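Asker: Below is a structure I'd like to ask you about.
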Amino acid sequence: MDRLWIVDGHAAFFRAYHAIRGGMTSPVTGEPTHLVYGFTGTLLNMIRTHQPTKLVVVIDAAGDTETFRTKLYPEYKANRDEAPEDFGPQVERCLELLRLMRIPVFGLEGVEADDTIASIITQCASDHAELAIRIASRDKDLTQLCAPRVDMFDAMKDALVTPSDVFKTEGVEPHMVGDILALMGDTADNIPGVPGIGPKTAAKLIIEHGDLDGLYEALPGLKGKKMQAIGEHRETTALARQLVDLKRDLDTGFDLEEADFDPGQIDLEGLDGLCRQLGFNSYPRSFRELAGPGSSAPEASATEAAPVSRKRSAAPDPIDGGLFGAAETEAESTAPKASLGNYRCLCTADEVKAYAQELLGVERFAFDTETTSLRAREAALVGVSFSTKAGEAVYIPVDSPDDSQHLALPEVLAILQPVFAQQGIRKVAHNLKYDLQILRGAGFGVVGPFGDTMIASYLLDSTRSSHGLDALSLGLLGMEMTPISTLIGKGKSQIGFAEVPLDKAADYAAEDADATLRLDDLLQPKLVAEDLDRLAQDVELPLVEVLAEMEWNGIGVDLKELARQQVRLQDRIEEIATEVAAQAPHPFNPDSPKQLSAALFGAVDADPPGLGLKPIKKGKSGTPSTDLEVLEKLRDDPEIDTPIPVLVIEYRQLTKLVGTYLASLPEHVCEATGRIHASFHQAVASTGRLSSSDPNLQNIPIRTDVGREIRRAFVADEGNLLVTADYSQIELRILAHLSGDPALREAFELGADIHTAVASQTFDVDPEDVDDTQRSTAKMINFGIVYGITAFGLSRRLNHAISPGEAQRVIDDYKSRFVGIDQFLAACVQEAKDTGYVRTILGRRRPIEGIDQRNPMLRQRAERYAINTVVQGSAADLIKVAMVDVHRRLPGAFPEARLLLQIHDELVLECPSGQAEALRDFVVQAMAGAMPDLDVPITAGSSIGATWIEAK
Numbered sequence: 032m033d034r035l036w037i038v039d040g041h042a043a044f045f046r047a048y049h050a051i052r053g054g055m056t057s058p059v060t061g062e063p064t065h066l067v068y069g070f071t072g073t074l075l076n077m078i079r080t081h082q083p084t085k086l087v088v089v090i091d092a093a094g095d096t097e098t099f100r101t102k103l104y105p106e107y108k109a110n111r112d113e114a115p116e117d118f119g120p121q122v123e124r125c126l127e128l129l130r131l132m133r134i135p136v137f138g139l140e141g142v143e144a145d146d147t148i149a150s151i152i153t154q155c156a157s158d159h160a161e162l163a164i165r166i167a168s169r170d171k172d173l174t175q176l177c178a179p180r181v182d183m184f185d186a187m188k189d190a191l192v193t194p195s196d197v198f199k200t201e202g203v204e205p206h207m208v209g210d211i212l213a214l215m216g217d218t219a220d221n222i223p224g225v226p227g228i229g230p231k232t233a234a235k236l237i238i239e240h241g242d243l244d245g246l247y248e249a250l251p252g253l254k255g256k257k258m259q260a261i262g263e264h265r266e267t268t269a270l271a272r273q274l275v276d277l278k279r280d281l282d283t284g285f286d287l288e289e290a291d292f293d294p295g296q297i298d299l300e301g302l303d304g305l306c307r308q309l310g311f312n313s314y315p316r317s318f319r320e321l322a323g324p325g326s327s328a329p330e331a332s333a334t335e336a337a338p339v340s341r342k343r344s345a346a347p348d349p350i351d352g353g354l355f356g357a358a359e360t361e362a363e364s365t366a367p368k369a370s371l372g373n374y375r376c377l378c379t380a381d382e383v384k385a386y387a388q389e390l391l392g393v394e395r396f397a398f399d400t401e402t403t404s405l406r407a408r409e410a411a412l413v414g415v416s417f418s419t420k421a422g423e424a425v426y427i428p429v430d431s432p433d434d435s436q437h438l439a440l441p442e443v444l445a446i447l448q449p450v451f452a453q454q455g456i457r458k459v460a461h462n463l464k465y466d467l468q469i470l471r472g473a474g475f476g477v478v479g480p481f482g483d484t485m486i487a488s489y490l491l492d493s494t495r496s497s498h499g500l501d502a503l504s505l506g507l508l509g510m511e512m513t514p515i516s517t518l519i520g521k522g523k524s525q526i527g528f529a530e531v532p533l534d535k536a537a538d539y540a541a542e543d544a545d546a547t548l549r550l551d552d553l554l555q556p557k558l559v560a561e562d563l564d565r566l567a568q569d570v571e572l573p574l575v576e577v578l579a580e581m582e583w584n585g586i587g588v589d590l591k592e593l594a595r596q597q598v599r600l601q602d603r604i605e606e607i608a609t610e611v612a613a614q615a616p617h618p619f620n621p622d623s624p625k626q627l628s629a630a631l632f633g634a635v636d637a638d639p640p641g642l643g644l645k646p647i648k649k650g651k652s653g654t655p656s657t658d659l660e661v662l663e664k665l666r667d668d669p670e671i672d673t674p675i676p677v678l679v680i681e682y683r684q685l686t687k688l689v690g691t692y693l694a695s696l697p698e699h700v701c702e703a704t705g706r707i708h709a710s711f712h713q714a715v716a717s718t719g720r721l722s723s724s725d726p727n728l729q730n731i732p733i734r735t736d737v738g739r740e741i742r743r744a745f746v747a748d749e750g751n752l753l754v755t756a757d758y759s760q761i762e763l764r765i766l767a768h769l770s771g772d773p774a775l776r777e778a779f780e781l782g783a784d785i786h787t788a789v790a791s792q793t794f795d796v797d798p799e800d801v802d803d804t805q806r807s808t809a810k811m812i813n814f815g816i817v818y819g820i821t822a823f824g825l826s827r828r829l830n831h832a833i834s835p836g837e838a839q840r841v842i843d844d845y846k847s848r849f850v851g852i853d854q855f856l857a858a859c860v861q862e863a864k865d866t867g868y869v870r871t872i873l874g875r876r877r878p879i880e881g882i883d884q885r886n887p888m889l890r891q892r893a894e895r896y897a898i899n900t901v902v903q904g905s906a907a908d909l910i911k912v913a914m915v916d917v918h919r920r921l922p923g924a925f926p927e928a929r930l931l932l933q934i935h936d937e938l939v940l941e942c943p944s945g946q947a948e949a950l951r952d953f954v955v956q957a958m959a960g961a962m963p964d965l966d967v968p969i970t971a972g973s974s975i976g977a978t979w980i981e982a983k
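Residue numbers (this note's numbering): 32 to 983.
Put into C-alpha cells, the structure is as follows:
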C-alpha cells in the first residue's frame, strides 16, 4: 500500500531547535547550526528506517501573516514573542537541505500548516482511496485527523502517536479532539479555555458525554466548581472551538505525484557542499549511503574556511563547536580514482631554474601551496605547484621526509621570486587569499594580475552549495581529486604534509594546480560572457588582496582584560546562583531548564515543591517552557514577586558570554604576534556580503552593556589608536538611490532624521509633531519594507500599539507617499521572473530559484530574496569598493596605518596616535565617496580610541 508521509515542518524545526542547546556554529560562516543538525539527523533516521516513497514537508505561511484565526480572535498567538534570532536563518538552511534532497516543501499564503495538512489529507482521501497517510508530528491539534488510513508519528521517538497518547487518557477518539481542546484551551496559542480544566479532565468529560453538546445537556445535573465554570464560559468555549477546528476544504493545488521521493535522485554534490559549509562531519556519508550503490559520490569538497581546498586537520564533532568551529575531516571517496596527468617533481636547482624560465615566458600560470597549518599566519611552506597547460603540472618541494631530495627554501625563493614579481603574468589560484599569505610568510613578494577560480565560481553562481576545489573539479570537470586522508591519515595517526613520501605529495600537489588551471580555462570565458569580468577585476580580485592584508594584520588582544572580565562575570554568575538558591522553593541547577521549570511551575505541595506559577506556554516536550520569552513575561508581571526569572535571565547571558567568548577568544591568539587573525570570506553569503570565522568577530555582542565590554579587550598597540568608520543607514540610502523615489531622496538630502521625515510624510504631520509611536512605525516600515513586512507583522513588532487594520492603512499610506519604492520592489521581482536572477548596483548576479513556483510559500521567499539581494548586495558592493580604495591609497597617505577588520558596514583601522584624526577624515571621505554617482548623500560616522569599545 502506498503511504504519503507529511512532515509538520515548523513543529519539526522548533523541536530540533530545542533538542540541542545551542553552541553549534558553522566553521565557515559562523552561523548557528544546532537546529539544522538536529533536523537533519531526525529526517535521515526517519527515511532510513521507514523508507517513504512519497514525502512532503508542510510549513506555515511565511512571516507575520494574518490568518482566519487572527481575524476571528486578534489575541490568537499574541502572547508569542518573535522567534529566537537564530531560528529563522536555520529554517532557511533546512529548506535548502530539503531542496537538495528533492523533498517538496508546501505551504499556502495566509494559512497555517495544520490547515494545509488537513486539506491535503481530505483531498488525498477523496482522490486516492487506497492511499495511507502518516503525519510526522505530535501536535495535539493534528490528532483530529487520525482515521483508519491516517495515523501520526513521532519522528524523534520513532513511534506512532494516538489521541490517547497525546491527552494521556484512554478512549480519546479523533472526533473528540476539537471539543477537548476547546474546553482546555491552549496557552501556547493563547486560546482561552475554561479555568481549572486541564487535558485529562477535558478528555474524561468528552469521553463520558460524547461531545460538548452532550456535556452541556448533562451540565444541570453535574456539581462542583469546574462544572460551574464550564457553564459560565460557554461563550469562550464556542470561540475556542472555532479556533481549534482545522480547515479541510482549502484549494491546496497539491499534486500527489510531486511528493514522489527517490533517494537515488538527491543532489549529493550539493548536500556535500552544504554539510561542509555548516561543519557537519558525518552527514555526507549518511547521504551517500541513503542514495545507495551506484550513486554519484562527490569527494569531500572544500569550504573557504579551509585555507586550501583539500588540506584539512582533524576536527571535533560539530556538537562541540562554538563561536569558532573547526574544519571537518576529509570524507572518504567511494568512487574510483581517475588517472593522474603528466606531473613532475622538481628537486634540483637546474630543474627549478629551467622551469622558472618557462614560467617567465607564459602569459598565465596556476599555482597552489602546500603547508603545515590551516592558519595562514602560523603556517610554514612545504612546497608550491604550478601548471601552465591542462594535464601538466610540477611540484617544487622545500620540505619532505628526506632533506636530500629537495632544495632549501632560501634557494627556491631566490629562483622563483622573479616569477611571482613579474607583472605581465596572470597568476591564478584557488582561494588566492590564503596562498598570498603563505608566500608572504615564506618571503615572496607577489604582484598581479591575479585570478581566483573560487571567486569566479562564486560570481557566476553565488547560490552554489560549495565553491571548493574538489566540488568544482568533480562537478564542472568530471575530475575526482585525491583525498588528503589517503596521504596524511586521520585522527591520532595523522601526519603532517611534510612527512608524506615525496612521490605521493608531488602528485597530490600538482593535481591541485592542474585542476585550478582547467577551472580557469572554463570559468574565465564565462565571466566575460556574463559581463562579470569587470566586477571581478575591479572589485573582487583587488578585495582578495585587501582581505589577505587584513587577515595578516589581525587585531591586538589584551588577554589580561579578557581574564579580568571572565573572573568578574564568573564571580557574578556564582553570586546569582547563590541568590537563586536562596529564593528557590528547593535546590536546583539553574543550567537545567527542566529543573528550573519544576521550581517555577511545580505545585507548592509537590515533592520537591515549586512556586506554583501559572505556565505561560509549554515546550515541545510538554513541560512548561522556561525560554527567554517566558522568563521576560514572568519578570514583567507585577503580580509575580519572585526575583528568580530576572536572575536566571542574567545568569544565562553571563554564562554564554563566558563560555562562547571570554574563555574561547584566547585560543585564537597567535603566539607569534599576540593578535587574533580572523578569517574573512567573500564566497559564502549569496548577497555579496562578507562573513567572518575563526573567530567570527561579526558576532561579538553589541546589544547589551556587558556584551559590548568584550570589545574593550581588542586594543591598539602601544603608541597607536584604533579608528573606526561606520556607514549610516546605508541600505535605506541605497534604496533611495535605486528606487529613485523623490520623497525618500529629499529626506536624505535635507539631512533630517530619516524616520521622523518618513513618519511626517506617512502620517501627514509636521516633523516636530511626529510622536514616538509614529516614528517607531516609520522605522519599522523603513527597515522592513524590503523584507515584505505585512500589516500583521507591523502590528506585532509594535507590540500591538496599533491594530492590524490600522497597520495596513499605514503601509498603504507609506506606499502612496513613496510610490517609487513600491515600483522598485515590483521591478526587482519582475527582473527575477524575466531573467532568473537579479543584479546589484555593480552587476553582481544572484540566481533566484523558485520565483515562478506554484507553491506560494516558496514563491514569496524567492521574491524576498530578489529584493533583499539587490538592496543588501548593493550596500555590500559599496563597502567593498571603499575597502579597495582605502587599501590602495593607504600606503601613500598613511604608510604606518593598517586596515584590521570589516564588521558589516564598519571598518576598523590602526595607526600611530598622532595620525588618528587625519586617518579618520581620510577613511570617512573614502567611504562617502566610494560611489560618487549615487543620487543621495552617503555618510559615515567615526570614532577614535585605544580600544575597540572606545572607538565605537
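Where is the CB? At the ideal position from N, CA and C, for every residue including glycine. None of these values were measured; they are calculated from a predicted model.
1) Rounded to whole angstroms, how far is the Cβ of Val689 from the Cβ of Leu662, which I believe are closer than 8 Å?
2) Just to confirm, does Ala149 get its C-beta within under 6 Å of one of the non-hydrogen atoms of the ligand PLP?
3) Would you say Asp803 faces chain B, with C-beta separation under 7 Å as the test?
4) Any idea which residues DSSP pairs Ile37 with across the strands?
5) Between which residues of its own chain and Pro963 is the CB-CB distance below 8 Å, once the five residues before and five after are set aside?
6) Go through its chain and collect everything with a Cβ distance to Lys108's Cβ below 7 Å, but skip five positions before and after it.
7) Can you give me the start and stop residues for the alpha helix (DSSP H) that Met6 sits inside?
8) If contacts are defined as beta-carbon pairs under 8 Å, then Gly587 and Thr403 qualify, I think. What distance do you get, rounded to the angstrom?
9) Put Asn984 into one of helix, strand or coil per three-state DSSP.
10) Along the chain, where does the alpha helix (DSSP H) that runs through Asp843 open and close?
11) Whole-angstrom Cβ separation of Asp466 and Thr419, contact assumed at under 8 Å?
12) In whole angstroms, give me the CA-to-CA distance for Ala857 and Arg549.
13) Mind listing, in chain order, the continuous beta strand (DSSP E) runs of no fewer than 3 residues lying wholly within the stretch 585-633?
14) With a threshold of 8 Å, are at least 3 pairs of Cβ atoms found where one atom belongs to the stretch 73-92 and the other to the stretch 622-632?
15) Give the secondary structure of Ser313 by DSSP, where H, G and I count as helix, E and B as strand, and everything else as coil.
16) Taking just the CA atoms, how far does Ala540 sit from Thr871?
17) Report buried or exposed for Arg734, applying the criterion of at least 16 other Cβ atoms within 10 angstroms of its Cβ.
18) Can we say the stretch 516-531 touches the stretch 383-390, given the rule of at least three CB pairs closer than 8 Å?
19) Leaving out the 5 sequence neighbours to the left and right, which residues in its chain are closer than 8 Å to Glu670 when beta-carbon positions are compared?
20) Between the Cα of Thr704 and those of Lys102, Gly750, Ala407 and Asp883, spot the shortest distance and give me the residue it belongs to.
21) Go ahead and label Arg840 buried or exposed: buried means 16 or more other beta carbons lie within 10 angstroms of its beta carbon, across all protein chains shown.
22) For a test of the three-state rule: what should DSSP assign to Pro294, helix, strand or coil?
23) With a 10 Å radius around its C-beta and 16 neighbouring C-beta atoms as the bar for buried, classify Asn899 as buried or exposed.
24) Sorted by chain position, which residues of the same chain lie with C-beta nearer than 7 Å to Gln760's C-beta, five sequence neighbours on each side aside?
25) Starting from Pro676, trace the alpha helix (DSSP H) both ways and give me its first and last residue.
26) With three or more C-beta pairs closer than 8 Å as the rule, is the stretch 137-145 touching the stretch 118-128?
27) Hey, Met984 and Ala971 are a contact pair by Cβ (cut 8 Å); roughly how many whole angstroms apart?
28) Per DSSP, which one or two residues make a beta bridge with Ala397?
29) From what residue to what residue does the beta strand (DSSP E) around Leu938 run?
30) Can you have a look at Asn14 and say buried or exposed, based on whether 16 or more other CB atoms are within 10 angstroms of its CB?
31) When the Cα atoms are used, what is the spatial distance from Gly976 to Leu752?
32) Taking Cβ to Cβ, would you say Ile910 is nearer than 7 Å to Ala893?
33) State yes or no: is the C-beta of His918 within less than 7 Å of the C-beta of Val478?
34) Should Thr73 go down as buried or exposed, given a rule of 16 or more other Cβ atoms within 10 Å for buried?
35) Tell me which same chain residues have a C-beta within less than 7 Å of the C-beta of Ala913, skipping the five on either side of it?
36) In whole angstroms, what is the alpha-carbon distance linking Arg343 and Leu405?
Answerer: Taking the coordinates as given:
1) As a position in the sequence shown, residue 689 is number 658, starting the count at 1. As a position in the sequence shown, residue 662 is number 631, starting the count at 1. In fact, because the Cβ distance is near 19 Å, the residues do not count as touching under 8 Å.
2) Here there are no bound small molecules, and the ligand PLP is not part of this structure.
3) Structure shown: chain B not included; a single protein chain is present.
4) Residue 37 sits at position 6 when you count from the first residue of the sequence shown. Its beta-bridge partners are Val87 and Ile166.
5) In the sequence shown, the residue the question calls residue 963 occupies position 932. None.
6) Taking the sequence shown and counting its residues from 1, the one referred to as residue 108 is at position 77. The answer, listed in chain order, is Asp220 and Asn221.
7) The question about residue 6 has no answer, for the chain in this structure spans 32 to 983.
8) In the sequence shown, the residue the question calls residue 587 occupies position 556. In the sequence shown, the residue the question calls residue 403 occupies position 372. Incorrect: roughly 25 Å between the Cβ atoms, too far for contact.
9) Residue 984 is absent from the structure shown; the chain starts at 32 and stops at 983.
10) Along the sequence shown, one-based indexing puts residue 843 at 812. It spans Pro835 to Arg848 - the alpha helix (DSSP H) in which Asp843 sits, taken as one unbroken run.
11) Start at 1 with the first residue of the sequence shown, and residue 466 comes out as number 435. Start at 1 with the first residue of the sequence shown, and residue 419 comes out as number 388. Actually they are not in contact, since the Cβ atoms of Asp466 and Thr419 sit about 17 Å apart, beyond 8 Å.
12) Locating residue 857 in the sequence shown gives position 826, where the first residue counts as 1. Locating residue 549 in the sequence shown gives position 518, where the first residue counts as 1. Rounded to whole angstroms, Ala857 to Arg549 spans 40 Å at the Cα level.
13) 586-588
14) no
15) To locate residue 313, count along the sequence shown from 1; it is residue 282. Three-state result, Ser313: coil.
16) For the purposes of this step, residue 871 is identified with residue 840 of the sequence shown, where counting begins at 1. For the purposes of this step, residue 540 is identified with residue 509 of the sequence shown, where counting begins at 1. Near 37 Å, if we compare the C-alpha coordinates of Ala540 and Thr871.
17) Here residue 734 is taken as the residue at index 703 of the sequence shown, counted from 1. By the 10 Å Cβ count, Arg734 comes out exposed.
18) no
19) Taking the sequence shown and counting its residues from 1, one reaches residue 670 at position 639. Excluding sequence neighbours, Glu670 sits near nothing in its chain.
20) One-based indexing of the sequence shown puts residue 704 at position 673. Nearest option by C-alpha distance: Ala407.
21) Here residue 840 corresponds to residue number 809 of the sequence shown, with the count starting at 1. It is exposed - the Cβ of Arg840 has fewer than 16 other Cβ atoms within 10 Å.
22) Looking up residue 294 in the sequence shown gives position 263. In this structure, Pro294 counts as helix in the three-state DSSP scheme.
23) Taking the sequence shown and counting its residues from 1, the one referred to as residue 899 is at position 868. It is buried - the Cβ of Asn899 has at least 16 other Cβ atoms within 10 Å.
24) Position 729 of the sequence shown holds residue 760. Only Ile785 meet the Cβ criterion.
25) Here residue 676 is taken as the residue at index 645 of the sequence shown, counted from 1. Its alpha helix (DSSP H) spans residues Ile675 to Leu688.
26) no
27) Residue coverage of the chain in this structure runs from 32 to 983, which leaves residue 984 outside it and unanswerable.
28) Indexing the sequence shown from 1 puts residue 397 at position 366. Looking at the DSSP assignment, Ala397 forms a beta bridge with Ser418 and Val459.
29) As a position in the sequence shown, residue 938 is number 907, starting the count at 1. From DSSP, the beta strand (DSSP E) with Leu938 extends over Glu937 to Pro943.
30) Any question about residue 14 goes unanswered here, given that the chain covers just 32 to 983.
31) Translated into positions along the sequence shown, residue 976 becomes position 945. Translated into positions along the sequence shown, residue 752 becomes position 721. If you take the alpha carbons of Gly976 and Leu752, they lie about 6 Å apart.
32) Taking the sequence shown and counting its residues from 1, one reaches residue 910 at position 879. Taking the sequence shown and counting its residues from 1, one reaches residue 893 at position 862. Their beta carbons are not under 7 Å apart, which means Ile910 does not touch Ala893 by this criterion.
33) Locating residue 918 in the sequence shown gives position 887, where the first residue counts as 1. Locating residue 478 in the sequence shown gives position 447, where the first residue counts as 1. No, the pair does not count as a contact, with Cβ atoms beyond the cut-off.
34) Locating residue 73 in the sequence shown gives position 42, where the first residue counts as 1. Counting Cβ neighbours within 10 Å, Thr73 comes out buried, since at least 16 surround it.
35) Translated into the one-based positions of the sequence shown, residue 913 becomes position 882. Within the same chain, Ala913 has close Cβ partners Ala957, Met958 and Ala961.
36) Position 312 of the sequence shown, counted from the first residue, corresponds to residue 343. Position 374 of the sequence shown, counted from the first residue, corresponds to residue 405. The pLDDT assigned to Arg343 is 26, lower than 50, so where the model puts this residue is not dependable, and the model offers no usable value.
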